[in-house]
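Report on the structure given below.
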Amino acid sequence: MKVSVTACFKNDFHPFDCGGNPPCTLLENGTVLTKQPGLYGRDYFLIFGKLKVPRSCYRSEYEAGVMPLDAMANLPDRCYSYLLQEWMNICNIRDSFKESQISLNKLLGLEISQSRFEVISRESAINYDLMLNHD
């Protein structure tokens, strides 16, 4: 029996961002951002599959859009869950990027390109170096 990932996690995000958020928000620098109409989807890959997360967007004429749900739900910068990124890195340490891609995609039923394994590995190394050199 195949269960939809979206159906499983739909209610997890609903309380955070059901479209009923306030009509505007204020940045730390005093800029007022206005809520944009509708919800903006973000593809998010979990070890269970791919999920589209609906989010409200706030913006002004001169500011990039801000999605409060990303911070509230602690979503990573990339579209891959923290656990999936960790598994990608573990595979990358053991095997080539191509072998890692084949293994993890087959195991989890995902379609993640080899280049994404390379990017995740590179960013993890940079973040690790920053953490070690942080005073």
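When we follow our numbering, the leftmost residue of the sequence shown carries the number 1, and every step to the right adds one.
Think of the CB as a built atom: it goes at the ideal place given N, C-alpha and C, for glycine as much as any other residue.
These figures come from a predicted structure and were not determined experimentally.
- Look at ARG42 here: in three-state DSSP terms it is strand.
- Residue CYS57 holds the alpha-carbon nearest to the alpha-carbon of PRO68 among CYS57, ASP95 and ILE93.
- Annotation for ILE112: PHE45, TYR80, MET88, GLN101, LEU104 and ASN105 place their beta carbon closer than 8 angstroms to its own, counting only its chain and skipping 5 residues before and after.
- Burial state of ARG122 is exposed, judged by a 10 Å Cβ sphere holding fewer than 16 other Cβ atoms.
- Residue state for TYR82 is assigned as helix, using DSSP reduced to three classes.
- Shown here for LEU26: same chain residues with a beta carbon closer than 7 angstroms to its own, the five before and five after excluded, namely VAL32 in chain order.
- DSSP places PRO54 within a strand segment (E or B) once states are collapsed to three.
- One alpha carbon belongs to GLU99, the other to GLU86, and they sit about 16 angstroms apart.
- Residues of the same chain with a CB within less than 7 angstroms of the CB of PHE117, apart from the 5 flanking positions on each side, are MET88, ASN92, PHE97, SER100 and GLN101 in chain order.
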